[in-house]
Structures are given as C-alpha cells and as structure tokens.
Amino acid sequence: MEVPRKDGVRRSDLLGSATDVVVVGAGVAGSALAYALGKDGWNVHVIERDLTEPNRIAGEILQPGGYHKLIELGLEDCVEGIDAQRVFSLAAIYKDGKKAIVPYPSDVSARGFHNGRFIQKLRGKAASLSNVELEQGTVTSLIEEKGIIKGVQYTTKTGQDLAAYAPLTIVCDGCFSNLRRFLSNPKIEIPSYFIGLVLENCHLPHVNRGYFILKDTTIVAFPIGTNELRCLVDFPGQKVPSISNGEMADYLKTVVAPQACIWSFT
Numbered sequence: 001m002e003v004p005r006k007d008g009v010r011r012s013d014l015l016g017s018a019t020d021v022v023v024v025g026a027g028v029a030g031s032a033l034a035y036a037l038g039k040d041g042w043n044v045h046v047i048e049r050d051l052t053e054p055n056r057i058a059g060e061i062l063q064p065g066g067y068h069k070l071i072e073l074g075l076e077d078c079v080e081g082i083d084a085q086r087v088f089s090l091a092a093i094y095k096d097g098k099k100a101i102v103p104y105p106s107d108v109s110a111r112g113f114h115n116g117r118f119i120q121k122l123r124g125k126a127a128s129l130s131n132v133e134l135e136q137g138t139v140t141s142l143i144e145e146k147g148i149i150k151g152v153q154y155t156t157k158t159g160q161d162l163a164a165y166a167p168l169t170i171v172c173d174g175c176f177s178n179l180r181r182f183l184s185n186p187k188i189e190i191p192s193y194f195i196g197l198v199l200e201n202c203h204l205p206h207v208n209r210g211y212f213i214l215k216d217t218t219i220v221a222f223p224i225g226t227n228e229l230r231c232l233v234d235f236p237g238q239k240v241p242s243i244s245n246g247e248m249a250d251y252l253k254t255v256v257a258p259q260a261c262i263w264s265f266t
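First residue of the sequence shown? That's 1 in UniProt numbering, and the numbers climb one at a time after it.
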C-alpha cells in the first residue's frame with residue numbers, strides 16, 4: 001500500500017524524536033488508533049504483517065454504538081463504498097418457537113459488511129495523514145530495557161531485520177499475536193468454534209434485520225452485501241468436522257439446516 005504524504009507539523013518534530021508511537025497491527029483497532037493519534041499531531045509508525053485485504057469472519061457487523069464512535073473519530077466514511085448493509089433490528093428465535101425483536105434507535109443503524117473491505121478503508125484513512133507511516137512487516141519481539149518497552153524488532157517485507165523505537169508502543173496485533181507471550185501467559189480454553197458461511201442470493205424474512213436462532217445449535221445470520229448473508233454456526237467441542245472428508249457438509253445438512261427455518265431461497 002502506498003502511503004500518501006502531506007505537508008504538516010509533527011508533534012515529534014517539536015519534541016526532537018522521530019516517532020512518538022509505534023503501533024503493532026493495522027486491523028480495526030490499530031488503524032483507527034493510528035488515525036486518531038495522527039489527527040492529534042503525533043508521529044505514528046504502524047507495522048502490519050500483511051497489508052493485503054484480509055478475508056475473515058470476525059468483525060462483520062458494526063453495532064450502532066460502534067458507528068457513533070466512527071463519527072466521533074471522523075471515520076464514518078469508512079463504511080461507504082464497501083456495499084455495507086444497514087441493520088435496523090435484531091431478532092431472536094428460541095427453541096420453543098417464540099421470537100423477540102430488538103429494534104435499534106430510529107436515528108441510527110448497525111452496519112453489516114465484509115471485514116476486509118472495512119479494514120482497507122481504515123488503513124487508507126490512516127495512511128492519508130503525513131505523520132502516519134504504514135509499513136508491512138512482521139514484529140518478532142518487544143525491545144525492553146530495565147523493565148521499560150522501548151520499541152519493537154521486526155522483519156520487513158523484503159526480509160530485512162530492523163528496530164523501531166518510540167516512547168510508547170501499542171500492541172494491536174489480534175488473536176494471532178506474536179507478542180502476547182511476552183506480556184502474559186494466559187491459560188487458553190476453546191469451548192467451541194464458529195463455522196462461517198457466505199450465503200448468496202438468500203433472503204431473510206426482513207432484509208435489514210439480523211437473526212439469532214437459539215436452538216440446539218446457535219446460528220447467527222445478517223447481511224454483509226447486497227446479495228450476501230453471513231451465517232455463523234456455533235460448534236461446541238474441540239474438534240471441528242472435517243471439510244475434506246465430507247463431515248462438515250453432512251453436519252450442516254443434517255444438524256444445522258433443519259434448525260435454520262427462517263429462510264426462503266431463490
């Protein structure tokens with residue numbers, strides 16, 4: 001990704017240092033943070049392991065509170081031009097057939113979209129600031145001196161090993177973090193998995209509504225594009241059915257599909 005440059009005064013120029021903040025990771029949190037800090041005059045160096053558009057099932061629906069936060073940060077245009085779908089309410093369908101509708105405030109709505117498209121818009125917004133540098137590289141470790149984090153060691157896209165220093169380092173590198181083990185040693189338990197599907201030309205009873213099916217299997221469905229729905233299926237346990245040998249297809253057809261009674265297909 002090419003980083004646009006603009007003329008401007010950097011806070012770091014006044015303080016006599018090259019970088020004020022190193023941000024590890026340019027996902028939703030890292031990109032939004034870099035933009036906010038950059039707008040406030042800080043010189044920010046963002047290091048992201050992969051600047052191509054990600055393809056993930058996480059972070060595909062932005063609740064009204066999140067949209068309000070985008071407005072506060074000046075990032076509301078990041079949901080424009082990505083085929084984001086408005087979601088005006090949520091519906092819960094229980095095992096006994098009862099339903100509950102949760103409407104959102106009339107002056108705002110949630111947004112459903114492809115996570116990768118949203119992230120690319122956020123990255124572009126951050127990179128448009130002259131005092132924000134967005135670089136592709138893999139951070140391998142934190143630089144620590146006498147209990148104080150001074151920066152990070154990282155490998156560039158071309159394989160060069162470098163160090164980035166700043167008074168403040170913020171780690172936002174997500175669930176696949178290389179750095180978490182340096183900061184804590186949590187006991188990780190995985191009670192279940194989400195199985196993600198994109199359903200094309202599939203219509204919900206209400207176009208601008210998200211659905212939770214709370215039966216023996218929990219199913220979530222919401223629009224992420226003009227003709228696309230995201231469907232998430234909760235699978236309890238430690239071992240997900242195999243796709244290669246047909247176990248996954250059989251599970252979805254025999255266990256999940258009979259419970260997904262809200263759809264009519266074209």
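Idealized CB from N, CA, C, for every residue including glycine. Please read these numbers as outputs of a predicted model, since none were measured by experiment.
Under DSSP, Phe-182 shares a beta bridge with no residue.
Annotation for Pro-64: the continuous alpha helix (DSSP H) segment containing it runs 64-73.
When Cβ pairs closer than 8 Å are counted between the two stretches, the segment 210-230 is seen not to touch the segment 170-190, the count staying below three. Check the Cα spacing between Val-139 and each of Ile-101, Thr-226, Ala-164: the tightest is with Ala-164. The bridge partners DSSP lists for Thr-156 are Gly-137.
When C-alpha distances from Gly-225 are compared across Tyr-35, Lys-39, Asp-216, Gly-210, the shortest belongs to Gly-210. Taking the Cβ atoms as the reference, Leu-142 lies roughly 10 Å from Tyr-154, outside the contact range of under 8 Å.
Cβ atoms of Tyr-35 and Leu-90 stay farther apart than 8 Å, at about 29 Å. Residues of the same chain with a CB within less than 6 Å of the CB of Pro-236, apart from the 5 flanking positions on each side, are Ser-192 in chain order. In this structure, the beta-carbon distance from Leu-134 to Asp-20 does not fall below 8 Å.
Straight through space, the alpha carbons of Gly-81 and Pro-54 are spaced by roughly 17 Å. DSSP, read as helix, strand or coil, puts Asp-250 in helix.
Here Phe-113 is not bridged, per DSSP, to any residue.
In the assembly as shown, Lys-121 is a buried residue. Its beta-carbon has 16 or more other beta-carbons within 10 Å.
In chain order, Glu-200, Asn-201 place their CB closer than 7 Å to the CB of Asn-227, counting only its own chain and leaving out the 5 sequence neighbours on each side. Inclusion of Phe-194 and Leu-232 in the CB contact set at 8 Å is warranted, their separation being smaller than that value. Close CB contacts of Gly-65 within its chain, under the 8 Å cut and outside five residues either way in sequence, are absent.
Listed in chain order, the non-local C-beta contacts of Leu-129 below 6 Å within the same chain comprise Gly-38, local neighbours out to five positions each way being set aside.
As DSSP reads the structure, Thr-218 sits in a beta bridge with Leu-214. Leu-197 is the residue among Val-207, Leu-197, Arg-86 whose C-alpha sits nearest the C-alpha of Val-256.
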